[in-house]
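All remarks here apply to the structure that follows.
Residue numbers (the numbering used here): -14 to 109.
Next up, the structure:
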């Protein structure tokens, strides 16, 4: 899987209270030879969020992703952690060999220094 990121500057002159965000465009390309990839799960989070703990058993959500390619439970758990997760989204569908998919992530500018990105998916 190839990962390309690009940052485009965002500026908003409106008077609402929405935090300023940095917008990241993430493009995934399946470079495998003949192996489709399940829909990708993207989780933009701070340094304290973990989708797994090294050395500990995997969560049921992570098992579902590994066994069936279903990212729904993993994303639901991430979305429930609203203090530490800014965005959790699923890809549009299977990413076939040689094909790409682009997603956009908005991360609060005030949180950029601690920002992390989890990208999860399985080859079929």
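A virtual CB, placed ideally from N, CA and C, is assigned to each residue, including glycine.
Counting along the chain, residue 45 sits inside the alpha helix (DSSP H) bounded by residues 45 to 53. Look at residue 20 here: in three-state DSSP terms it is coil, with no helix or strand label. Look at the beta carbons and you see the region 56 to 64 touching the region 20 to 34: at least three pairs across the two are nearer than 8 Å.
The three-state secondary structure of residue 66, taken from DSSP, is coil. Following the DSSP letters along the chain, one finds residue 37 in no beta strand (DSSP E), marked with neither H nor E. The beta carbons of residue 77 and residue 24 sit closer together than 8 Å. By the C-beta criterion, the region 86 to 96 is judged to be in contact with the region 1 to 16, since at least 3 inter-stretch pairs fall below 8 Å.
Within the model, the alpha-carbon separation for residue 56 versus residue 75 is close to 7 Å.
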